[in-house]
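The numbers in full-length UniProt numbering rise by one with no breaks, and the one at position 270 of the sequence shown is 270.
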Amino acid sequence: QSIVAKHSSQFRGNAQHDALEFLLWLLDRMHEDLGAASPAPQSRGPPEVGVPPRPGWGDVFGPGQGVRDVLGGGGLELAPAAVGMGMRIGMLFWSSLTCPHCLKQSNTFDPFLCISLPIPLRQTRALNVTLVLQCERWRFVRVGLAVPLLGTVADLREMVAREGRIPPEQVTGARRAGPGHHPGVLRVPGRPQVILAELSPRGFLRSLSDPEALAAAGEAGPVYAFQPPPARRAGTAPRPPLAAAAGAPRAHWLRAPGPRLLPSTARSSDCLHRAPGGRILLLLCNTAGTGPQLARFGPPLVLREERGISWEQLQQSILAQLRGVLRGEVRAQGTGALFRIRLAGSSAPCTYLSPQDPRPLCHPAIDRALQLSGAGGPPHVKLTAEWDTSTKERLFGSIQEEAVQDAESVRRQQQAHGQQHSCTLDECFQLYTKEEQVRAPPG
């Protein structure tokens, strides 16, 4: 300390000093002492193609100049380079800029004493997704995924399909005759057959479409991924009707009057006359109560139904899906409307399907919901079955939401993203010297 104090008054005394300031001062004095020395002779071999010449210190500093003279006093703190690709050559920063049109390369060398390296941030976040699969063993399972921060819903759909082993859509086309193969039907994998939707304790919120950013996914409510049921092949008999068990007493059957319809209820025949055709995917959840007491109960359902079915057939199909949580058998024929069906997740006014409608799924609001179901996943319609509280208690008891089992990936992702993010010095330099593309000016 006494030797350093003889050459610099700022380090005199017993006060505490900054180590970086001392290092910069020491490097500056060392350069002043070695500045008069001539640079070492360089080999005069043939220059390497595509590699710019590396200058010596004499090409940067003038006679009698020190580092602080060139830098204007004090250490230069460089931010990440705006363009080009950097390399560290001693105490010089080499930046290279290449024109994409004429391929002319411009190289500059800047002296530096210190640089500020950016710290790479975590590029993923943990997101839990509840899978609703067409499997008896793993019907409902919650998985943990590391989704990219700058990704889209299309990335999430691909990850869910891989995690749940959901096969993609099979696109069918005609194969022409050619060398090595015969004409026939060609089947190629298409987009993932996964429907992504946010589902809160009060019902459906919205469906997620592929172009959306992943940053907002899961903020309004938990994300559910539905695997559609397989399409029924031509000639296959429809599902048998829901009936009472053999020998069951008539008291176990239910016969309830249909609820009074709201004024917003309309019939498809009042709005549009068309011939029914095709099958439609329906996402359905059951709710009970009104106002603040409204709550979802039972598992969310995914059905594939014909557009031309009647209200009684639709109600029968829903009850068949809920057979596992019903307290007793229900005879669907002649029972009337046990619940009201409302279109969910739509910005339009509240729309109910009418039990008196001969084809409720042909309502124009169904067509609008199909168009707004989101790009990427299969077209679908979200419905909410609203049950009267007394009817719900009589048929289902005190059942609440579905029981979901957590996969090991949930704990693993929470643990990985809960730890402090770490990186190496080499990763910081790689981010600092990352090549960047510059757009040409408009015009």
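Each residue gets a CB set at the ideal place from its N, CA and C atoms; glycine is no exception.
- [ ] Could you check which residue in C102, Q123 and G298 has the C-alpha nearest to that of I399?
- [x] G298
Open item on the list: Could you compute how far the alpha carbon of F429 sits from the alpha carbon of L92?
Closed with: 15 Å
Open item on the list: For I195, tell me which candidate among L338, W387 and V153 has the shortest Cα-Cα distance.
Closed with: V153
Task: Where the beta strand (DSSP E) through C285 begins and ends - done: R279 to A288
Open item on the list: Spatial neighbours of E386 within its chain, please: C-beta separation below 7 Å, excluding the five flanking residues on both sides.
Closed with: T287, F339, R340 and R342
- [ ] Work out the CA separation of C99 and L20 for me, nearest whole Å.
- [x] 38 Å
Open item on the list: According to DSSP, is K104 part of a helix, a strand, or is it coil?
Closed with: coil
TODO: From the DSSP output, read off the bridge partner residues of N128.
DONE: G144
- [ ] Provide the residue(s) that pair with V381 in DSSP beta bridges, ordered along the chain.
- [x] L282
Task: For V404, the three-state DSSP class (helix, strand or coil) - done: coil
TODO: Indicate, with yes or no, if the ligand NAD has a heavy atom lying under 7 Å from the CB of Q105.
DONE: Within the structure as shown, the ligand NAD is missing, as the structure has no ligands at all.
Open item on the list: Please classify H101 as buried or exposed, where buried requires at least 16 neighbouring CB atoms within 10 angstroms.
Closed with: exposed
Task: Extent of the continuous beta strand (DSSP E) to which P364 belongs - done: No beta strand (DSSP E) holds P364; the alpha helix (DSSP H) holding it covers P364 to Q371.
TODO: Give the secondary structure of I318 by DSSP, where H, G and I count as helix, E and B as strand, and everything else as coil.
DONE: helix
TODO: From the DSSP output, read off the bridge partner residues of T98.
DONE: Q105
Open item on the list: Distance cutoff 8 Å, beta carbons only. Does P148 sit that close to anything in chain D?
Closed with: Going by chain labels, chain D is absent from the structure shown, which holds only one protein chain.
- [ ] Would you kindly report the start and end of the unbroken beta strand (DSSP E) that includes I195?
- [x] I195 to S200
Task: DSSP state of R340 mapped onto helix, strand, coil - done: strand
- [ ] Grab the span of the beta strand (DSSP E) containing G203 for me, first residue to last.
- [x] G203 to S207
Open item on the list: So, at 8 Å on beta carbons, what are the nonlocal neighbours of R139 in its own chain, with the 5 sequence-adjacent residues on each side left out?
Closed with: V132, L133 and P299
Open item on the list: Within 8 Å, do at least three Cβ pairs link the region 388-399 to the region 201-209?
Closed with: no
Open item on the list: Beta-carbon within less than 6 Å of G72's beta-carbon, same chain only, minus the 5 sequence neighbours each way: which residues are those?
Closed with: Caution applies to G72, whose pLDDT of 38 falls short of 50 and renders its modelled position unreliable; the value that the coordinates give is listed next. So no residue of the chain qualifies.
Open item on the list: Whole angstroms are fine: how far does the CA of R157 sit from the CA of L117?
Closed with: 35 Å
Open item on the list: Under 8 Å, with one C-beta from each stretch per pair, do the region 316-328 and the region 362-377 reach the 3-pair mark?
Closed with: no
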